[in-house]
Amino acid sequence: MTENVDLYNSSYSNYSLETYSEIRRETYGEDYGQTSWVSTEESHEIPELLQLTPDSSVLDIGCGSGGYAVGLAKRIGCRVVGFEINAPGVKTANSLAESENVTDLVTFELQDASKALPYENGSFDAIYSTDVMCHVPLRREVLSNTHKLLKTGGRFVFSDALVLGGMISIDELENRCPDGQYFFSPPGVNEQLIQESGLKLLEARDTTENCALLSKRWHDAREKRKDALIEHEGKDNFLGVQQFLECVHTLTTERRLLRFLYTCSK
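So for the sequence shown, this note's numbering puts the first residue at 20; every next one is plus one.
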């Protein structure tokens, strides 16, 4: 059992350290400040799925340390609002936007996706959320709010890395979810909630292989930098994160826990 493991604060707070950047590049191939299960290929495809143009207004639900949103603004020229419940993530994201000179295109805010959001209905051409929904309660309400925030014809892309595919023990459950809130989805529930929200499901793609591959790369990249990580995180946290990654790899390789990418439209 993994106890008191910090999966996010240490990654967001230490974003600029070369050790963490090396781990991200070795895990994903590119460095967006990721702490998710999105492959580089999927990262490149998301703008196409969202049909982004330089005139697009975009909302990033659970922006993390902001690297992906900043990258979108730089590559496409679209306007992005990112929000995150983790304060170190928002601080890092705003610092990154300043250092990359995109504060005219990107803003980051401290918000909770499970609560009312301070944006007008029909404000966004596109909304995306990468491996965040599994942390958010009241998913039905979140999807309904997303429908309201989208302009007619807008796109919403999100992923869920906690879709049940088989039996999971209590020890595996605790190792897989050592930090914060987690909500597991039985097969078909996301599709049902999407329909009930008024959104149209365009595609539900099984991307479980990404989790199996990335969790192994992430674990091994961290193991190679064990001494440096223990210095920053502490030994107990280092071992806890490694145990978490081993658990993710086992559950996804055996397809007892699945990840899906959903593309929707209004």
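Yeah, the Cβ is synthetic: ideal placement off N, Cα and C, and Gly gets one too.
For clarity, every value in this text was computed on a predicted model and none was experimentally measured.
Three-state secondary structure assigned by DSSP to residue i
i	result
threonine 21	Caution is warranted here: a pLDDT of 45 is assigned to threonine 21, below 50, making its placement in the model unreliable, and the coordinate value is therefore given only provisionally. Residue state, collapsed to three classes: coil.
tyrosine 39	helix
glycine 108	helix
phenylalanine 8	The question about residue 8 has no answer here: the residues shown for the chain are numbered 20 through 285.
leucine 276	strand
lysine 170	strand
glutamate 242	helix
lysine 282	For the record, residue 282 in the displayed sequence is threonine; it is not lysine. Here threonine 282 sits in strand by DSSP.
aspartate 50	coil
aspartate 190	helix
glutamate 103	strand
alanine 163	Here the sequence assigns serine to residue 163, which means alanine is not the residue at that position. Helix at serine 163.
The beta strand (DSSP E) enclosing residue i, as first and last residue numbers
i	result
arginine 224	219-225
leucine 78	76-80
Continuous alpha helix (DSSP H) stretch holding residue i: start and end
i	result
valine 57	Segment: none, valine 57 is in no alpha helix (DSSP H) and carries neither H nor E.
glycine 90	86-95
aspartate 198	Here aspartate 198 belongs to no alpha helix (DSSP H), and DSSP marks it neither H nor E.
valine 125	Valine 125 -> not in any alpha helix (DSSP H); beta strand (DSSP E) instead, spanning 125-129.
serine 148	Unbroken run through serine 148 is the beta strand (DSSP E), 143-148; no alpha helix (DSSP H).
CB of residue i within 8 Å of CB of residue j, strictly
i	j	result
glycine 48	glycine 85	no
asparagine 194	glutamine 262	yes
isoleucine 80	isoleucine 187	no
aspartate 25	aspartate 239	no
aspartate 144	serine 75	yes
leucine 270	glutamate 222	no
valine 121	lysine 93	yes
Environment of residue i [buried if 16+ CB atoms lie within 10 Å]
i	result
leucine 136	buried
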